[in-house]
Amino acid sequence: MNRNNTLKIIFLAIIGSIIFSSCRKAKPADETTSATSGTLKKDILVDLSANVIYATYSDLAYNANALQVSIITLSNTPNASNLVASQQAWKNVRSAWELSEGFLFGPISIDNIDPRIDTWPIDFARLDSVLSSSAVFTTTYMDNLEESLKGFHPIEYLLFGNNGNKTASSFTSRELDYLSALSSNLNVLCNQVKNSWDPSLTGNYTNEFNNAGNGSSIYTTQRAAYEQVLDAMIDICNEVANGKIAEPYINQNPTLEESPFASNSIIDFTNNIRSVQNMYLGKYSIDGKGLEDLIKANNLSMDGVIKIRIANSISSLGNVTVPFGQAISTQQTQVQNCIQSINDLKDYLEITVKPYIQTLTN
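First residue of the sequence shown: -16, per our numbering; consecutive thereafter.
Okay, here's the thing in structure tokens:
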């Protein structure tokens, strides 16, 4: 190849490189614009409502129905295998519920469903009174019962027993009748929550949430919806660290432990933090857009800190290797680490992330 041809090739290569470089420079600018646009912020709300909130509530309703069916079977045939099936069914619906506690806003709050299905502790004196009474457990009777006598924990207590040693032969007919009424009441309320977010039903909350700042009568701005999402994530971190964990630990009182009869507390706490993770990632059964997409596009280091603090919180809970009621006295270092890690996450979300999200929304 002669020198002139070589120079031409080099010249053309340089020109091509400049043109290609110019095209490449335009793309990140477009991506940044997209990442901070109203379209992305709307997409995040749509994906959160569909892929996380409604999907979780759908699982909650499905498992609540399965629990009711299993308890009816147990009532008809109280044997060991049916008891085990009902205990597992309780754990399944409990898992779905705890995975929803990172977004305790909307109908779950407006209709006071949370306290109606998840009040703790149980009023054992009143529970004994109800069981020894001649009351008929009608729908109206159950609706009017005080909150400490219905929902997850009375069902848990009756299914597992005070020390987790319930046997099928120890059930009284009155306990089985009450269990059936409790599971029916729980099923109705769980389906009510699911239906309230069902996008195919008239008056659904999904429509209000998705259209924040664009016609919603509840969220007049997108910022209001994002603030509520962050507030719910902050609130559950605070409840887990400073309520569910710290109160039994500080008081050295295992009777303050939530979900003690099924030894399910650490699983509950972990699922609560996973619900925060799900809202951040926009991921449950389907991986969609979440807060991660808005923050990662604008502040990569903040995204990294959030993910590390979520991981640390989940990891610290995994280091508790005995039932929580025992851990408050026998694994105090691990329990303290749980409180610290989850509070670190809460504080970062509250002090740093929420104000930053406010600057990105309007």
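Ideal placement from N, C-alpha and C gives every residue a C-beta, glycine not left out.
Note that the coordinates shown come from a computational prediction; the quantities given were computed from them, not determined experimentally.
Neighbour-count burial assignment, residue i, 16 or more Cβ in a 10 Å radius
i: Val35; result: buried
i: Val119; result: exposed
i: Ser41; result: buried
i: Leu184; result: exposed
i: Thr253; result: buried
i: Leu283; result: exposed
i: Asp111; result: exposed
i: Tyr188; result: buried
i: Glu81; result: buried
i: Ala108; result: exposed
i: Pro104; result: exposed
i: Ser299; result: buried
Rounded straight-line distance, which links the Cα of residue j to that of residue i
i: Asn62; j: His136; result: 22 Å
i: Lys337; j: Cys321; result: 23 Å
i: Leu31; j: Asp214; result: 15 Å
i: Thr155; j: Ser163; result: 13 Å
i: Val223; j: Glu191; result: 29 Å
i: Ile325; j: Asn221; result: 8 Å
i: Met125; j: Lys177; result: 20 Å
i: Ser0; j: Leu343; result: Here Ser0 scores only 43 on pLDDT, less than 50, and its place in the model should not be relied on; the value that follows carries that caveat. Those two C-alpha atoms are separated by around 36 Å.
i: Arg257; j: Ser117; result: 43 Å
i: Ala93; j: Gln211; result: Reading off the sequence, residue 93 comes out as Ile, not Ala. Taking the straight line from one Cα to the other gives about 14 Å.
i: Asn261; j: Val288; result: 16 Å
i: Ile27; j: Ser199; result: 16 Å
i: Leu285; j: Gly85; result: Contrary to the premise, residue 285 reads as Met rather than Leu in this sequence. Approximately 20 Å, taken between the alpha carbons.
i: Gly186; j: Gly226; result: 35 Å
i: Val52; j: Ala208; result: 37 Å
i: Thr335; j: Lys290; result: 14 Å
i: Tyr331; j: Ala44; result: 33 Å
i: Asn345; j: Glu333; result: 18 Å
i: Ser69; j: Gly273; result: 35 Å
Residue range of the unbroken alpha helix (DSSP H) whose run includes residue i
i: Gly21; result: Gly21 to Asp30
i: Thr122; result: Thr122 to Asn127
i: Val113; result: Phe107 to Ser115
i: Glu333; result: No alpha helix (DSSP H) contains Glu333, which DSSP labels as neither H nor E.
i: Glu139; result: Phe135 to Phe143
i: Ile100; result: Ile96 to Ile100
i: Ile250; result: Ser248 to Leu264
C-beta neighbour in chain D for residue i, strict 8 Å
i: Gly265; result: The structure shown contains no chain D; it is built from a single protein chain.
- Minimum length 4: unbroken alpha helix (DSSP H) runs contained in the segment 41 to 94: 63 to 81 and 90 to 93
Item to complete: Only counting runs of 4 or more residues, tell me where the alpha helix (DSSP H) segments fall wholly within the segment 266 to 320, in order along the chain.
Response: 274 to 281, 283 to 301 and 307 to 313
Which ranges would you report for the beta strand (DSSP E) in the segment 149 to 236 if only whole runs of at least 3 residues count? none
- prompt: At a cut of 8 Å, does the segment 94 to 101 reach the segment 164 to 174 through at least three beta carbon pairs?
  reply: yes
Would the segment 230 to 245 count as touching the segment 267 to 275 if we require 3 or more Cβ pairs under 8 Å? no
Between the segment 47 to 63 and the segment 281 to 300, do three or more beta carbon pairs fall short of 8 Å? no
ask   = Given 8 Å as the limit, is there contact between the segment 187 to 199 and the segment 298 to 312, that is, 3 or more CB pairs closer than that?
value = no
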